[in-house]
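2 protein chains.
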Amino acid sequence: MPNIYEQHLDRNPANYAPLSPIPLLERAASVFPDHPSVVHGARRYTWSETWVRARRLGSALAQRGIGKGDTVAAMLPNIPEMFECHFGIPMTGGVFNALNTRLDAATIAFILNHGEAKILITDREYAPTVESALEQIGRSITVIDVDDPEYGGDGKLLGETTYEALIAGGDPGYEGREPDDEWDAISLNYTSGTTGNPKGVVYSHRGAYIGAIGNPMTWSMPQHPVYLWTLPMFHCNGWTFPWALPAVAGTSVCLRNVGAAAIYAAIAEEGVTHFCGAPVVLNLVVNAEEDERRPLGRTVEIMTAAAPPPPAVLERIEAMGFRVTHVYGLTEVYGPATVCAWHPEWDALEPLERARIKSRQGVRLPVEEGLMVADPETMAPVPMDGQTMGEVFLRGNLVMKGYLKNAAATDEAFRGGWFHSGDLGVWHPDGYIELRDRSKDIIISGGENISTIEVEGVIFGHPKVLEAAVVARPDEKWGETPCAFVTLKPGESATEAEIIGYCRDNLAHFKAPRTVVFTDLPKTSTGKVQKFKLRDRATDL
Amino acid sequence: MPNIYEQHLDRNPANYAPLSPIPLLERAASVFPDHPSVVHGARRYTWSETWVRARRLGSALAQRGIGKGDTVAAMLPNIPEMFECHFGIPMTGGVFNALNTRLDAATIAFILNHGEAKILITDREYAPTVESALEQIGRSITVIDVDDPEYGGDGKLLGETTYEALIAGGDPGYEGREPDDEWDAISLNYTSGTTGNPKGVVYSHRGAYIGAIGNPMTWSMPQHPVYLWTLPMFHCNGWTFPWALPAVAGTSVCLRNVGAAAIYAAIAEEGVTHFCGAPVVLNLVVNAEEDERRPLGRTVEIMTAAAPPPPAVLERIEAMGFRVTHVYGLTEVYGPATVCAWHPEWDALEPLERARIKSRQGVRLPVEEGLMVADPETMAPVPMDGQTMGEVFLRGNLVMKGYLKNAAATDEAFRGGWFHSGDLGVWHPDGYIELRDRSKDIIISGGENISTIEVEGVIFGHPKVLEAAVVARPDEKWGETPCAFVTLKPGESATEAEIIGYCRDNLAHFKAPRTVVFTDLPKTSTGKVQKFKLRDRATDL
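Chains A and B, in that order, give the protein sequences. All letters in the first sequence, in the order written, are residues 0 to 540 by numbering that gives the first Met the number 0. All letters in the second sequence, in the order written, are residues 0 to 540 by numbering that gives the first Met the number 0.
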């Protein structure tokens with residue numbers, strides 16, 4: 000028999016709404032209609048304008064048949080259109096697939112087909128890659144060109160119409176459709192594919208909402224921040240910040256190209272208060288030339304992740320007037336899932352000691368329900384001794400729905416009721432985690448994941464190559480770069496430049512090795528390459 | 000056929016957890032074990048201690064048979080035990096019914112029986128009322144006494160054991176039970192029942208969580224606030240702040256008795272940064288004696304609601320270094336549901352104009368999905384003209400599950416898919432609402448509606464006035480006329496003609512009171528003026 004609280008106290012339209020970030024934009028537009036929403040050079044939008052543009056986009060897509068469960072892909076830099084896609088696409092019931100703009104044509108083609116994109120919105124800058132990808136997909140797809148007036152470079156229009164023409168035909172009063180269920184998909188983000196093809200990570204409206212509400216709280220982000228887009232929005236939907244910013248009525252400052260001078264200029268001229276970025280962005284800021292720098296005018300908050308920031312860089316950047324919040328996450332957990340939550344008493348420590356503490360990945364976000372470091376096989380938590388290595392596991396509402404059309408990978412990722420991050424780390428006595436090794440073959444270069452298996456696969460294709468193994472080599476500017484160890488076929492000879500050039504012809508350029516060593520490969524008795532030995536050699540080069 | 004996003008992408012233990020505030024306490028304890036959680040005079044607890052005490056409480060209650068859907072009531076002031084109940088009771092699956100400590104014995108007895116409380120936790124201070132209530136309920140109930148060492152007054156122990164003895168028998172490692180569903184009840188809060196018996200408002204784990212995450216964001220509350228308990232925790236579960244504070248690792252400063260000297264002392268000695276309270280608390284602060292005041296040392300944030308704060312009071316308190324955020328809500332919407340969201344450009348206005356703008360109830364919280372002012376019958380929104388009166392309607396995730404064991408009242412409250420607040424107001428052209436009255440408080444004089452709040456706002460501007468309340472007085476000619484009850488500041492004197500003349504200088508003449516009574520104002524436990532008592536007096540004049 001139901002208890003007294005289970006009788007006539009059900010969900011109904013008055014007391015229950017599916018969690019979704021879309022109503023946050025509607026609210027920002029109705030409460031702060033004239034405040035700046037998105038700023039991009041001479042292009043400046045208010046919240047009411049962004050809301051109207053998103054609604055027009057949604058309406059125009061719906062007119063073209065986009066509805067529940069339909070994928071719309073976008074190959075865009077951090078510009079207003081990219082921000083608008085985060086709302087206009089899911090407003091239709093569709094799913095937003097933001098593409099990594101640095102990928103090669105073959106990978107883009109794979110993703111467009113795997114995700115079954117019906118429409119592609121693409122920026123002129125990426126026309127060569129996109130044109131080639133479109134030739135490879137073997138089916139017709141509606142292409143919409145973004146012709147950004149702030150872009151002065153090359154690149155032809157590929158599609159049937161432009162973004163501005165598209166939305167001009169959309170209804171500014173379009174109501175959109177509420178998700179049938181907050182678990183419905185809102186976006187699709189492909190991982191770099193450490194083993195084989197990239198996997199499509201699916202986010203829900205619920206998870207996007209919880210990230211949007213939770214991240215400002217974690218970061219003590221007040222109302223009306225000015226947020227600079229140094230982090231690509233195609234990375235985990237910009238760590239959910241496109242959805243978070245309307246919740247705090249914050250202004251997005253766009254940057255097509257991230258450079259030190261542009262960052263300092265935005266801080267000085269737009270009053271930037273917050274930005275996110277990989278340690279490579281911290282490096283840019285720290286190593287800026289004298290004539291690129293500008294006074295900050297205020298403490299500027301930086302949220303950083305992707306690779307552990309070196310303590311020396313943390314120390315230097317905080318001395319300059321920035322305050323760094325260190326988070327850790329993956330595409331599968333909506334970006335940040337842990338944070339090095341700061342203890343006020345740590346402020347009194349020596350700068351380098353503070354930086355050492357801050358370089359740890361920390362504890363679960365308040366809106367993530369579980370974190371542990373555990374044995375990868377038995378899933379028994381390791382002791383909190385700061386020494387015993389284990390795999391990092393996460394669980395809770397900031398974990399993906401799963402991998403699209405990949406039941407096996409989804410089941411494997413969720414085995415035992417936890418998300419298996421593949422990252423290795425230790426658990427300190429205070430409960431803070433610290434990564435000791437990314438999963439053993441991934442390289443993180445300038446914030447981008449590079450699969451060593453993918454690079455090795457290309458090198459293996461070179462006619463003179465017998466064997467190859469690729470590992471990360473530490474790099475001051477990029478964090479890490481790929482370093483290839485190559486065994487040539489007997490009697491063959493080759494140069495470093497020849498191998499690198501071959502890779503650049505067959506891979507996204509950032510994935511090509513920066514260093515090539517011709518050598519025999521150390522192996523285990525069962526024939527597996529001992530990458531840990533190669534990593535040591537790469538570090539010593 | 001399911002779309003590609005509906006295949007093998009289901010909820011599972013890795014990617015879905017029922018939303019609940021309980022894990023927020025677990026996190027605060029694991030991340031900030033040694034930081035102060037709750038401070039009460041000489042009693043000072045850390046997060047790890049509060050977590051252990053809450054677990055012991057949950058365990059001890061479970062040992063006594065409390066489980067899913069069982070009600071545990073508490074008659075407590077704002078002390079550590081009250082804070083712990085917010086976690087220890089729902090951790091068992093039970094439902095927390097916090098009692099208004101100023102109610103009479105008959106009403107307490109009604110609530111204990113209507114809510115079917117199995118256990119009552121009660122403070123010695125309320126022994127006379129509780130003893131009488133227990134005699135009236137006609138059934139046996141387990142009574143646990145809180146014997147607070149910070150309480151020096153009278154009051155006997157009524158129960159079988161004390162709170163400290165109870166929790167001493169609880170397991171500090173008690174795991175509790177996760178709600179089966181986030182919609183499960185977490186608490187039960189009775190309305191004051193101005194018409195007939197009080198109604199039991201039921202909150203869910205989901206709603207409590209969303210309030211806990213949403214309120215700090217709305218208030219720009221950073222990590223580690225120091226929060227003073229001037230608002231009774233029995234009022235809408237302290238507007239969800241007992242659940243919010245662990246999310247931001249904030250410290251609760253308890254107050255058994257709220258007075259001006261105690262508030263200023265807490266600000267000076269405990270470093271209070273935030274507190275909530277009805278306008279009566281603002282009045283206390285503004286009108287404190289010289290020897291009660293202490294320097295603030297920082298901007299102190301006040302969130303106020305319950306009755307519209309008069310612009311004159313707002314102006315004075317902000318000049319003293321407090322910053323007021325004005326919210327509006329009801330028990331049925333977890334406390335605050337709207338906020339007078341501040342526009343930065345309003346800072347440049349004259350103080351009284353700023354205060355006038357701030358006295359509006361504003362816009363929906365980011366975590367509430369719908370707000371409108373509409374015709375109470377047709378539910379058609381009224382024009383946004385700042386003049387047309389309508390009823391305030393709310394909908395979304397910050398709306399109660401319903402009224403316990405009262406299907407008729409629940410259905411009526413949710414008729415048409417919106418929660419009917421019963422409050423009347425106007426909708427300004429900028430989308431901000433402003434309350435004009437409870438529907439029962441409105442004065443209709445010669446066919447014209449008169450907002451008592453508007454008249455009170457004018458009277459508050461008179462330099463000799465401390466407090467004022469305006470009600471309808473029956474009138475043969477006009478139907479009703481406004482009757483003002485006024486409390487003057489200490490040492491002041493004024494005439495009826497002086498007050499009426501002042502109103503006529505600042506209001507449409509028909510809105511000016513016809514009668515002025517100089518007196519103290521009767522108030523509820525939460526500081527609301529009891530207008531029904533004043534109406535009776537006005538009728539008898």
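Using N, Cα and C, we set each Cβ at its ideal position, and we do this for glycine too.
Asked                                                                                                                                                                           : Found
Exposed or buried, what is G237(B) when buried is set at 16 or more other beta-carbons lying within 10 Å of its beta-carbon?                                                    : buried
Need the endpoints of the beta strand (DSSP E) that T324(B) sits in, please.                                                                                                    : F321 to L329
Counting only runs of 4+ residues fully inside the region 393-472 of chain A, write out the alpha helix (DSSP H) ranges in chain order.                                         : 406-412 and 451-459
I'd like to know if P365(A) contacts chain B, where contact means its C-beta is closer than 8 Å to some C-beta of that chain.                                                   : yes
Determine the closest residue to E288(A) out of E411(A), E433(A) and Y263(A), with distance taken between C-alpha atoms.                                                        : Y263(A)
Assign E479(B) to one of three DSSP states: helix, strand, or coil.                                                                                                             : strand
Between L283(A) and the ligand MN, is the CB less than 7 Å from at least one heavy atom?                                                                                        : No copy of the ligand MN occurs in the structure displayed, which carries no ligand at all.
Please identify the residue among P178(A), V30(A), F413(A) and P221(A) whose C-alpha is closest to the C-alpha of E331(A).                                                      : F413(A)
Is G328(A) near G320(A), with beta carbons less than 8 Å apart?                                                                                                                 : no
Measuring only between beta-carbons, confirm whether T409(A) sits less than 8 Å from chain B.                                                                                   : yes
Go through the region 107-138 of chain A residue by residue and report every complete run of the alpha helix (DSSP H) that reaches 4 residues or more, in order.                : 126-135
By a C-beta neighbour count over all protein chains shown, 10 Å radius and 16 as the cutoff for buried, is M0(B) buried or exposed?                                             : exposed
Tell me which residue opens and which closes the beta strand (DSSP E) that F274(A) is part of.                                                                                  : H273 to G276
Under 8 Å, do H461(A) and I432(A) count as touching if we go by C-beta distance?                                                                                                : no
Counting only Cβ pairs nearer than 9 Å, list the residues of chain B close to F413(A).                                                                                          : N11, P12, A13 and N14
Once you ignore the five residues that flank W341(A) on each side, which residues in its own chain have a CB closer than 8 Å to its CB?                                         : T324 and K357
Rounded to a whole number of angstroms, what is the C-alpha to C-alpha distance between T193(A) and S444(A)?                                                                    : Low local confidence applies: a pLDDT of 46 at T193(A) is under 50, so the model's placement there is unreliable, with the coordinate-based value given in what follows. If I take the Cα positions, the gap works out to 14 Å.
Please determine, among A304(B), V312(B), N282(B) and A265(B), the residue with the shortest C-alpha to C-alpha distance to P559(B).                                            : What is shown of chain B runs 0 to 540, which leaves residue 559(B) out entirely.
In the region 172-187 of chain A, which residues sit with their C-beta less than 9 Å from some C-beta in chain B, listed in chain order?                                        : W182, D183, A184 and L187
Among residues of its own chain, excluding the 5 on either side of Q386(A), which ones have a beta-carbon nearer than 8 Å to its beta-carbon?                                   : V425
Counting along the chain, where does the alpha helix (DSSP H) carrying V51(A) start and finish?                                                                                 : W46 to Q62
Leaving aside the five residues before and after E495(B) along the sequence, list all residues of the same chain whose C-beta is less than 6 Å from its C-beta, in chain order. : V515
Are at least three pairs of beta-carbons, each pair with one atom in the region 73-91 of chain A and one in the region 41-57 of chain A, less than 8 Å apart?                   : yes
Report yes or no: is there a C-beta of chain B within less than 8 Å of the C-beta of L403(A)?                                                                                   : yes
In chain order, what are the residue ranges of uninterrupted alpha helix (DSSP H) at least 4 long that sit wholly in the region 235-295 of chain B?                             : 235-238, 240-246, 259-269 and 278-285
Given a cut-off of 8 Å on the beta-carbon distance, is the pair Q135(A) and A116(A) in contact?                                                                                 : no
Using beta carbons (cut-off 8 Å, strictly below), is N236(B) in contact with chain A?                                                                                           : no
Roughly how many whole angstroms lie between the Cα atoms of P32(B) and V38(B)?                                                                                                 : 15 Å
Could you check where the alpha helix (DSSP H) with D535(A) kicks off and where it finishes?                                                                                    : K530 to D539
Kindly indicate which three-state DSSP category P89(A) falls into: helix, strand or coil?                                                                                       : helix
Should the region 96-113 of chain A be called in touch with the region 54-63 of chain A, which here means at least 3 C-beta pairs below 8 Å?                                    : no
What are the boundary residues of the alpha helix (DSSP H) that includes M216(B)?                                                                                               : H204 to T217
Which runs of the alpha helix (DSSP H), 4 residues or longer, sit entirely within the region 144-209 of chain A?                                                                : 162-167
State yes or no: is the C-beta of P481(B) within less than 8 Å of the C-beta of I452(B)?                                                                                        : no
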